[in-house]
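Everything below concerns the one structure shown next.
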Amino acid sequence: MNDRLEQALQPTWLNYLVDPFIGWRGWVVPLGLSLLLVLVSQTNFVLFHTLAELFAVMVAVILSVVAWHTYAFSRNHYLMYLGVGYFWVAILDLLHTLSFPGVGIIQATGSGMSIQFWIVTRYFEAFLLLTGPLFFTRRVQPVPLLLLFGLIAWLLASWVFSGVIPAAYVEGEGLTRFKVVSEYVVILLLMAAVGVLSHYRAHMDRRIYVLMIGAILLTVAAELSFTLYHSMYSMPILVGHILKLLSFWLIYYAVVRTTLTEPYLLLARGSSTYDAIPEPTIVVDAAGVIRQANRAAASVVNRPPEAVVGRHCHDLYHSGRYSPDECVVCQHIHSSQVLSHYEQFLDEKGEWREYSLTPFRSYTDLTGMVHVSSNITARKRAEEELIRQANYDPLTRLPNRALVMDRLQVGLARAARSHRQLAAMFVDLDNFKNINDSLGHRVGDKLLQQAARRLQDPLEESDTLARWGGDEFLVLLPELEGLERAEIVAERILQAMTAPMEIEGRELIVSASIGIAVYPDDGRVADVLLSDADTAMYRAKAAGRNTYRFFTPEMNRDAAERLEMESELRHAVERGELYLAYQPQLALGTREVIGCEALMRWNNRRFGEVPPDRFIPLAEESGLINPIGEWMLDRVLADMSALHRALGRRLAVSINISSRQLKEPVFLERFRHYLDGYALAPDDVLIEITESLLVEDDDATMSCLDALVRMGVRLSMDDFGTGYSSLSYLKRFPFSEIKIDRDFVRDITTDPGDAALCLAIIAMAKGLGIQVVGEGVETEAQCEFLRDNDADIGQGYLFSKPLRLEDLCGYLGVRREA
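See below:
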């Protein structure tokens, strides 16, 4: 919108040629008068002098009248100050004219009185030009100012008539020392006025600034001429009066331009042009005074448009936290600079606004600025929520893993400097999985929320409680001087968790197992300290749960159950206990199956169906993820090759790859080998990044990901928005796809917060050119919401549960090849 406005207001090249600072038409009158005066001077010098001065007086009077009567809407205190002053300059110049030898209206002996009137008038004019710029930042009171200047003019005239002013001209001798010195003093005052005006140039339009500087310099040139003559009828007198007339004309043009021409040019645009713009739009002059406002701008401040015009834009539309001189928008208005998408918070309204300024031009003249402001409060809140979700767990509102890792690093550095201890405590909820599986995720989520509140109670403000993942929490106790406080906190947590929780009419009892590791005794770096706390936590579970344990060097790496599960997992591949399931992914617009996600399952002879969130972390920690991941990669690509042949078309597959696999030196070579062996294209595969990889920041992993992308493999960020992801990864990793976590999709049609967050994620992804996948789609309403808001792909039980390859072929309507 601003681009269209700016384009409409740009002058053409022809305008620049025919309309310099005033334009050739503007010079016709003063130059014509000057030529006429030169011709008159050749025959009657007294008539020349009279006409020259009367023309200047007329210009000064018109200047004053225009400034006075337009002040009500221009609110230009500087020009009002000049207008009032030049009225009395005109009166004094009239006395100078009437007392000139040969005129005969004011009887004076010789030419002394006329020149004395000239001198005092020039002092008065220089004073006006010197002090006028001060009123860019000050207000004037027109009537008192008129009376004050009138009093000064009366005093000056009285001094001349009473003979107080020294003689300025002696017949037969020429100018007196007083006259010459006075002219040079006036010149010095005028040059000082140039400096003062330049200091305040940011407060005025460039055109007006140039006109006023030109007027002052012409006055200086005129004063120099009046120091050179020896006769009242010499050439310097003629030149000086012509220069004076031109100086007055420039000041007159500046006043008329600011108070009459520019406002009418703005009005000529027509209010309908701006009323068609839905955003609050005003047109301001170089001083920031509103010249035009559309209906949207008037409604924002609850005023009719006519009550907005004439007010300063800062008073109505900008933050009251800053003065106009401090306000960035006002600074750009005063300097006539373009401003794009500047954001400012209005404390008094509690809203965010975005501002844009576009120059408003007519021919070559910068007439004002088009000021557009938009209410972006909803967008800012969505952005803030998205950023918050990058650092906080959406369910419990606690710091997430990324944020607590940052706080842990800071805490370790402080502990090292202060030579104190820091305790890291892993808190795992006992029996949570049974409750979650038997009563459902909704009950499980509410239980986690209540547990988070109880865990917070024993802690101090300097402590940190974070949700590490699932039913696991991490507590950081910084700046410890001994282990006593860690013991006290652990005991209070256990006591707080023993009380029954009332959830949906049920009394649920959940205890906690706590593992504690202490810096520097148990580890000096974050990874070691957390690993030790995790080991101690599993030892607490093995000890019967509902207790805590401090880490000791002799503790086993894992609890007994984890050791047994790891042992079973080592033989899972050779026993054929691992199998694959594929969940279809559909284009939301057409419901066409365009891909699937490969999911690994483990059916163990002793543990039964082991959830992936239990055995995959164990495989990663034990190093078993490499052989298991290799088996999965081989089987998935083999299945996809067979499926492509059966379908007669390609189908993309998403595979979760561990960071440990990516760090393997042979991974890339092995991956290429499988692709070539099964005749698959690299872009048939999307690699989903797990949360463990996001937490790490490893050069080898980054290098491998870059190589995969160069190969043509696409990357997908899994479960975006759960709190484990960071916005910075969207810039660092070349993702092709973002998957919105099922926790947000589940309540997307009932929870405004989840809906807003999903919309923000989709908008952000679209802005980055990334596809969006909604996970856990279970209802048509969820599907329609995602589709209507530009999500690309859906995955969930609405379309299909995870299927074995035979069932997937049936789902796609093809027969699996033998």
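Sequence positions in the sequence shown follow numbering that gives the first Met the number 0 and run 0 to 817. We put the beta carbon where it would ideally sit given N, CA and C, even for glycine.
Asked: Under 8 Å between the Cβ atoms of V426 and I487?; Found: no
Asked: In whole angstroms, give me the CA-to-CA distance for L632 and K765.; Found: 30 Å
Asked: Could you check which residue in V712, F99, L249 has the C-alpha nearest to that of P29?; Found: L249
Asked: Going by DSSP, name the residue or residues bridged to L802.; Found: Y581
Asked: Confirm, please, whether the CB-CB distance from I289 to R302 is below 8 Å.; Found: no
Asked: Rounded to a whole number of angstroms, what is the C-alpha to C-alpha distance between A267 and V65?; Found: Only weak support is given to the placement of A267: the predicted model assigns it a pLDDT of 45, under 50, and the value that follows is read from those uncertain coordinates. Looking at the two C-alpha atoms, the distance is approximately 20 Å.
Asked: Given this structure, state the Cα-to-Cα distance separating P499 from P751, to the nearest angstrom.; Found: 31 Å
Asked: Excluding the five sequence neighbours on either side, which residues of its own chain have a C-beta within less than 8 Å of the C-beta of V818, listed in chain order?; Found: Only positions 0 to 817 of the chain appear in this structure, which leaves residue 818 out of reach.
Asked: Are the beta-carbon atoms of L820 and Q408 separated by less than 8 Å?; Found: An answer regarding residue 820 cannot be provided, because it is not within the stretch 0 to 817 covered by the chain.
Asked: So which of L146, A423, G319, L338 has the shortest CA-CA distance to D533?; Found: A423
Asked: Counting pairs of beta carbons, one from the region 556-576 and one from the region 587-597, are three or more of them closer than 8 Å?; Found: no
Asked: Output the boundary residues of the beta strand (DSSP E) element that contains T280.; Found: 280-283
Asked: If you run the structure through DSSP and keep just helix, strand and coil, what is E596?; Found: strand
Asked: Among R604, R659, A645, which has the Cα closest to the Cα of G622?; Found: R659
Asked: With DSSP run on the structure shown, which of helix, strand or coil describes H370?; Found: strand
Asked: Please name the residue in K738, H370, I769, V776 whose C-alpha comes closest to that of D746.; Found: V776
Asked: Give me the Cα-Cα distance between Q781 and V327, rounded to the nearest whole angstrom.; Found: 44 Å
Asked: Please report the straight-line C-alpha distance between A166 and K178, rounded to a whole angstrom.; Found: 8 Å
Asked: Quick one: give me the first and last residue of the alpha helix (DSSP H) that K765 is part of.; Found: 751-766
Asked: Using the DSSP secondary-structure output, state which residues sit across from I686 in a beta bridge.; Found: I654, L714
Asked: Could you check the C-alpha separation between H864 and C329 for me, to the nearest Å?; Found: This structure does not reach residue 864, given that the chain is present from 0 up to 817, and the question cannot be answered.
Asked: Taking the alpha helix (DSSP H) that F666 belongs to, which residues open and close that run?; Found: 666-676
Asked: How is the beta strand (DSSP E) around T463 delimited, first residue to last?; Found: 463-468
Asked: What is the DSSP secondary structure of K738, reduced to helix, strand or coil?; Found: strand
Asked: How is the beta strand (DSSP E) around V517 delimited, first residue to last?; Found: 511-518
Asked: Could you check whether S653 and L679 sit closer than 8 Å to each other, using their CB atoms as the reference points?; Found: no
Asked: Grouping DSSP H, G and I as helix and E and B as strand, with all else coil, what is V609?; Found: strand
Asked: Given that a residue counts as buried once 16 or more other Cβ atoms are within 10 Å of its Cβ, and exposed if not, what is D824?; Found: Here the chain has residues from 0 to 817 only, and residue 824 is not among them.
Asked: From E573 to I627, what does the alpha carbon distance come to, in whole angstroms?; Found: 10 Å
Asked: So what's H313 in DSSP terms, helix, strand or just coil?; Found: helix
Asked: Does DSSP put T357 in a helix, in a strand, or in coil?; Found: strand
Asked: Could you tell me which residues DSSP puts in a beta bridge with W601?; Found: L577, V609
Asked: So, using beta-carbon positions, are A790 and I761 closer together than 8 Å?; Found: yes
Asked: Excluding sequence positions up to five away, which residues of its chain have a Cβ less than 7 Å from the Cβ of T11?; Found: Only weak support is given to the placement of T11: the predicted model assigns it a pLDDT of 37, under 50, and the value that follows is read from those uncertain coordinates. Contacts found: none.
Asked: With DSSP as the reference, label A415 as helix, strand or coil.; Found: helix
Asked: With DSSP as the reference, label S161 as helix, strand or coil.; Found: helix
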